[in-house]
Amino acid sequence: MKRFDRPLIRNTVIFIILAILAFVILLVSVPIILALLVAIFVEPLVEFIQNRFKVTRKTSVIINYTVTFGLFILLFYFVITSLIARVIYWSKAFPSYLNDLGGIWTNIQNRMFDMTQGLPLEVVNSIQKEVDSTLSDIQESLLAIVNYENITALATELPSLLVSFIVFLIALFLFMLDLPMLRGKFFRYFSNETADKILFMYSGIKRVIFGFMKAQILVSFIILFVSLIGLYIIIPEYALVMSIVIWIIDVIPILGSIIVLAPWAIGAFAMGNFALGTKLSILAVILLIIRRSVEPKVMGAQMGLSPLAVLIAMFIGAKLFGLAGFIVGPLVVIIFTTAKEAGIIKLDFKL
Numbered sequence: 000m001k002r003f004d005r006p007l008i009r010n011t012v013i014f015i016i017l018a019i020l021a022f023v024i025l026l027v028s029v030p031i032i033l034a035l036l037v038a039i040f041v042e043p044l045v046e047f048i049q050n051r052f053k054v055t056r057k058t059s060v061i062i063n064y065t066v067t068f069g070l071f072i073l074l075f076y077f078v079i080t081s082l083i084a085r086v087i088y089w090s091k092a093f094p095s096y097l098n099d100l101g102g103i104w105t106n107i108q109n110r111m112f113d114m115t116q117g118l119p120l121e122v123v124n125s126i127q128k129e130v131d132s133t134l135s136d137i138q139e140s141l142l143a144i145v146n147y148e149n150i151t152a153l154a155t156e157l158p159s160l161l162v163s164f165i166v167f168l169i170a171l172f173l174f175m176l177d178l179p180m181l182r183g184k185f186f187r188y189f190s191n192e193t194a195d196k197i198l199f200m201y202s203g204i205k206r207v208i209f210g211f212m213k214a215q216i217l218v219s220f221i222i223l224f225v226s227l228i229g230l231y232i233i234i235p236e237y238a239l240v241m242s243i244v245i246w247i248i249d250v251i252p253i254l255g256s257i258i259v260l261a262p263w264a265i266g267a268f269a270m271g272n273f274a275l276g277t278k279l280s281i282l283a284v285i286l287l288i289i290r291r292s293v294e295p296k297v298m299g300a301q302m303g304l305s306p307l308a309v310l311i312a313m314f315i316g317a318k319l320f321g322l323a324g325f326i327v328g329p330l331v332v333i334i335f336t337t338a339k340e341a342g343i344i345k346l347d348f349k350l
């Protein structure tokens with residue numbers, strides 16, 4: 000067996016240390032890292048406007064930043080106002096839902112009484128005990144989710160989230176403005192040969208990040224189309240607003256349509272509307288199947304990786320890092336592949 004040489008071991012150790020360091024920095028600096036990634040992602044658009052209209056970089060950055068931020072605010076305003084209107088409507092209708100739920104529970108008890116007539120007393124008591132135990136578990140689960148501690152914890156996190164969002168906006172503008180200067184300062188610490196390798200790796204990662212975002216958008220549009228049709232069939236009055244909400248949440252990595260449809264279906268079941276709850280559950284399963292089956296193929300095509308490699312990376316990443324692994328897994332594969340293509344990592348050995 001051919002022995003490993005010292006440069007290979009050194010480069011591998013350096014790569015592992017840098018990967019661990021990058022992961023730790025990512026955990027504590029999410030807004031800044033995200034702002035840098037977004038700035039890198041929109042850099043081609045900034046350069047296009049700068050060259051096409053012969054304006055300064057600052058003007059191009061301001062135009063891109065203003066348009067992007069304005070579209071985001073308009074979309075956010077539309078979704079929030081629509082949701083507030085629906086919440087007000089549901090809050091007004093909630094007492095009648097409770098009355099209906101009480102009537103439904105009375106009917107269920109009467110049906111159970113009719114069905115258990117003639118059965119031994121032990122069987123009736125066992126059924127009643129199981130029903131009471133199930134209802135008690137459901138009540139405890141709901142109270143565990145909606146309690147004072149959780150609401151207080153969420154409320155205390157809001158200022159931190161607001162600060163992180165403000166930091167993201169400021170960092171994004173500054174990164175967009177100074178990205179060429181930062182890139183020049185970064186490459187001054189490397190030789191020409193190493194700089195060429197890093198540039199090759201950087202262009203590959205940028206291409207793959209663009210492909211990843213494009214894949215997310217393409218898959219989300221499929222989800223938007225299917226959810227819009229499904230909700231128009233199930234509940235037309237909420238179809239447009241809720242399909243847009245599902246689309247916005249689904250385009251965000253890690254999150255998905257299940258975040259919206261699952262609580263909605265549970266609420267429908269709790270209110271006694273079993274038909275609506277069943278239809279929403281079926282729609283959630285359909286959307287989940289579409290995303291899990293289409294996403295690896297689309298991401299593989301857009302990112303230049305095979306669908307099998309993307310699927311394995313997402314699975315291993317999810318096992319190691321949870322939901323964040325759906326992003327971390329493919330990203331590690333991308334970094335490793337581009338570093339190998341650039342000659343930074345060499346694995347030329349045989350067993």
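Per numbering that gives the first Met the number 0, the very first residue in the sequence shown carries number 0; after that it's consecutive. Heads up, the beta-carbon is just placed ideally off N, CA and C, and yes, glycines get one too. Bear in mind the structure is a predicted one, so any value in this text is a computation, not a measurement.
List the endpoints of the continuous alpha helix (DSSP H) containing residue i.
{"i": "V54", "result": "Taken as a continuous stretch (DSSP letters only), V54 belongs to no alpha helix (DSSP H), as it is neither H nor E."}
{"i": "Q215", "result": "N191 to I233"}
{"i": "G266", "result": "I257 to A269"}
Leaving out five residues before and five after residue i in sequence, what residues of the same chain have Cβ atoms less than 6 Å from its Cβ?
{"i": "A312", "result": "G328, P329 and V332"}
{"i": "A18", "result": "none"}
{"i": "L176", "result": "V60"}
{"i": "A264", "result": "G276, L279 and S280"}
{"i": "Q49", "result": "R56 and S59"}
{"i": "I233", "result": "K278"}
{"i": "W246", "result": "S219 and L223"}
{"i": "I13", "result": "none"}
{"i": "I126", "result": "none"}
Tell me which same chain residues have a C-beta within less than 8 Å of the C-beta of residue i, skipping the five on either side of it?
{"i": "I204", "result": "I333, I334 and T337"}
{"i": "F164", "result": "P30"}
{"i": "L44", "result": "N63"}
{"i": "F40", "result": "K205, I208, F209 and M212"}
{"i": "K318", "result": "G324"}
{"i": "L198", "result": "F186"}
Sorry if obvious, but does the Cβ on residue i come closer than 7 Å to a heavy atom of the ligand NAD?
{"i": "S125", "result": "Ligands in the displayed structure: none, and consequently the ligand NAD is not present."}
In its own chain, which residues sit with a C-beta less than 7 Å from the C-beta of residue i, not counting the 5 before and 5 after it?
{"i": "A34", "result": "F167, A170, L171 and F174"}
{"i": "A21", "result": "none"}
{"i": "A261", "result": "A283"}
{"i": "V37", "result": "L171"}
{"i": "A267", "result": "L275, G276 and L279"}
{"i": "F320", "result": "V327"}
Using a beta-carbon distance below 8 Å, is residue i in contact with chain B?
{"i": "E192", "result": "Here there is only one protein chain, and chain B is not present."}
**OP:** Examine the Cβ distances between the region 211-221 and the region 184-195 and report whether three or more of them are shorter than 8 Å.
**Re:** no
Original post:
How about the region 280-290 and the region 221-238: do they share at least three Cβ pairs that are nearer than 8 Å?
Top reply: yes
**OP:** Spell out a yes or no on whether the region 231-245 and the region 63-73 are touching, meaning 3 or more CB-CB pairs, one atom from each, closer than 8 Å.
**Re:** no
Original post:
Counting only runs that start and end within the region 155-186, where is the beta strand (DSSP E) found for 3 or more residues in a row?
Top reply: none
**OP:** Output the residue ranges of the alpha helix (DSSP H) runs that lie fully inside the region 270-316 and measure 4 residues or longer, sorted by chain position.
**Re:** 273-302
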